[in-house]
């Protein structure tokens, strides 16, 4: 049924090696931090660290959800469009509320409620179509990706939906204020990461995800309710997108067709950099968090330095991503040899 | 008998001519533009739709067909459809990219259609009958002139650029050439992809990197909105001002109200598509000649003149 988990429990030395595997992405992140500091010491200034953490929260939260989907052998390409769509509807709902009943804390709570319902609903649709209608996840989510993206463009008339400034005043602190000097979005990211980690590593649900990702048929014969578990992974993904959107909207108070473009690829990249296997069966929430931090830090470092031509930014990103995964897979290969 | 044949022949000819005249009366004009994927193109799509309504109401024999494309290949297919299915008499095209669309537009030209090219020029300008465009060079220069009117020797600015393309390079080069010798320091420039989120993040990084910034050239209004949020977050509104570009209604309204952080804007009108459609229709309806190049100005939008550039109904 479950392939990797019992083995890890069987031999303690294995457990130690698994730690090495986590160390791959962490090592990449540390190298990146050293590089960033060497290029510009301001990289480690408190303000900049806060910026990186807050920025990585969007992709990071979405990527935690994606870790479950990918571990269970699925894929969700719709998350970026879904975020734009949810942001758009939230803004429309809140603007409508401001106009019809004035502005209060309830306006924002209504927007948040709306976001949660949409996120969970959209996740359920992806999951249902994948499991019950038996359409490949790639096609289902490619389809919903196009649908959400067009809907937000349509709602915005091809332009931008903007949140009424009264509602913005109330909502703004959710992104910009902090508790214990750590901004709220980072707290949300931390909470999502911890819950995700517990869910993946300490519950039956997490083990089911890995089992299904390793071999769906075996999982089915082992009396795991495969369709239900898979649908739940998409619902979790939708919930994560919804949470990310809730903290995204107060940042700029707007949504347009350009919102969340390519977030799906960044989220998937964060998951893979973190050590989760793209074909499923093995998931690492902790690695995903580090993956998201690596992706954000690369962009930040490129902005802090002048030595690399702007035209080469994409190339530098590409090299670092591949190198980060090599560090992690490289150690994988070594372990295999050691085991043989 | 020969007389009868002649009469029949004449009749047939006149019927045919009549049919041809009837067909000529309905003039079909294809309008091929990129889809509304970001603010500026959203505005452009809106102005195209407005112009279609206005022109079709004014000229019952004109039929405008607007098609939007997601990429150069998509646009090339659109052009083929416009020719084969709609049998257009004229084409107004805003090419996604210059090189890949030059040959497809030439193919439309070869069917005898009248060609109007908008904004991004083809690599072979001999294809076009009319060229309508904003002026990227003037936009860069006017932005630079405003910077120079506010700043001087030893003042620092940062620049947020768009997407690496010819038109971005034109703006940037014109700006740099203009401020040369003014003593204004350009601390750095980075691409912000004509996008609010990227504008926000790039500006955050500029703010943590440079303790002394006096001016920001964002050259685009979407970027400007992100930049403004980042400056407010850092609480440095009083140190600097931002110059955007395009003419987004939110920014123009701010200029009208005298926002000190974004005191001016530089026009790069999405409404140029309407100008192009007007000129193309005029080719069929007016007795005046229309062939030629129409380069629209990029004036500075200030508090005094902002009202004439404000379209509250436009999505952009």
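Protein chains in written order, with our numbering: chain A, 22 to 361; chain B, -8 to 307. Using N, Cα and C, we set each Cβ at its ideal position, and we do this for glycine too.
Collapsing the DSSP output to three states places residue 136 of chain B in a helix. Inclusion of residue 139 of chain A and residue 100 of chain A in the CB contact set at 8 Å is not warranted, their separation being larger than that value. Residue 235 of chain A has a beta carbon lying at 8 Å or more from every beta carbon in chain B. At a cut-off of 8 Å, the C-beta of residue 147 of chain A has no neighbouring C-beta in chain B.
At a cut-off of 8 Å between C-beta atoms, residue 135 of chain B does not count as an interface residue with respect to chain A. According to the DSSP secondary-structure assignment, residue 25 of chain B is paired through a beta bridge with B:60.
In this structure, residue 219 of chain B and residue 234 of chain B do not form a Cβ contact; the two beta carbons are roughly 12 Å apart against a cut-off of 8 Å.
Looking at the backbone, the Cα of residue 177 of chain B and that of residue 169 of chain B are separated by about 12 Å. Here residue 229 of chain A is buried: its Cβ has 16 or more other Cβ atoms, across all protein chains shown, within 10 Å. Annotated three-state conformation of residue 181 of chain B is strand, per DSSP. Each residue's CA atom was taken as its position, placing residue 66 of chain B and residue 74 of chain B some 13 Å apart. With its beta carbon less than 8 Å from one in chain B, residue 61 of chain A belongs to the interface. Less than 8 Å separates the beta-carbon of residue 112 of chain A from that of residue 270 of chain A. With fewer than 16 other Cβ atoms inside 10 Å of its own Cβ, residue 229 of chain B counts as exposed. Shortest Cα-Cα distance from residue 162 of chain B to any of B:135, B:141, B:59 and B:186 involves B:135. Residue nearest to residue 118 of chain B within the set B:240, B:151 and B:98 is B:98 (criterion: CA-CA distance). Interface with chain B (8 Å Cβ-Cβ cutoff): residue 287 of chain A is excluded.
Using a 10 angstroms sphere on the CB of residue 90 of chain B, the tally of other CB atoms stays under 16, which defines it as exposed. Across the set A:268, A:167, A:105 and A:241, the C-alpha of A:268 shows the shortest separation from the C-alpha of residue 207 of chain A.
Per DSSP, the continuous beta strand (DSSP E) segment holding residue 284 of chain B begins and ends at 283 to 286. Residues 196 of the same chain have their beta carbon placed closer than 6 Å to that of residue 272 of chain A, with the five preceding and five following residues left out of the count. Listed by position along chain B, the residues whose Cβ is nearer than 7 Å to that of residue 325 of chain A are 196 and 200.
At least 8 Å separates the CB of residue 22 of chain B from every CB of chain A. In this structure the segment 233 to 246 of chain A does not touch the segment 178 to 188 of chain B; the number of beta carbon pairs closer than 8 Å is below three. At least one beta carbon of chain A lies nearer than 8 Å to the beta carbon of residue 224 of chain B.
Under a criterion of Cβ atoms nearer than 9 Å, no residue of chain B is adjacent to residue 186 of chain A; the nearest Cβ is some 11 Å distant. For the pair residue 88 of chain A and residue 266 of chain A, the CB atoms are not nearer than the 8 Å cut-off. Any Cβ of chain B closer than 8 Å to the Cβ of residue 134 of chain A would place that residue at the interface, and such an atom is absent. Straight across, the Cα-Cα distance linking residue 245 of chain B with residue 19 of chain B is about 40 Å. For residue 164 of chain A, no CB of chain B lies under 8 Å from its own CB, so it is not counted at the interface with that chain.
By the criterion of a C-beta distance shorter than 7 Å, residue 284 of chain B is surrounded in its chain by 122, once the five residues flanking it on both sides are discounted. Contacts between residue 260 of chain B and chain A, judged by CB atoms closer than 8 Å, are missing: the closest CB pair is about 15 Å apart. Within the segment 145 to 193 of chain A, the alpha helix (DSSP H) runs of at least 4 residues that lie entirely inside it are, in chain order, 158 to 176 and 186 to 192. Closer than 7 Å at the C-beta level to chain A, one finds these residues of the segment 205 to 225 of chain B: 216, 217, 220 and 224.
Straight-line spacing of the CA atoms in residue 261 of chain B and residue 70 of chain B works out to 22 Å. Residue environment for residue 204 of chain A: buried (at least 16 other C-beta atoms within 10 angstroms of its C-beta).
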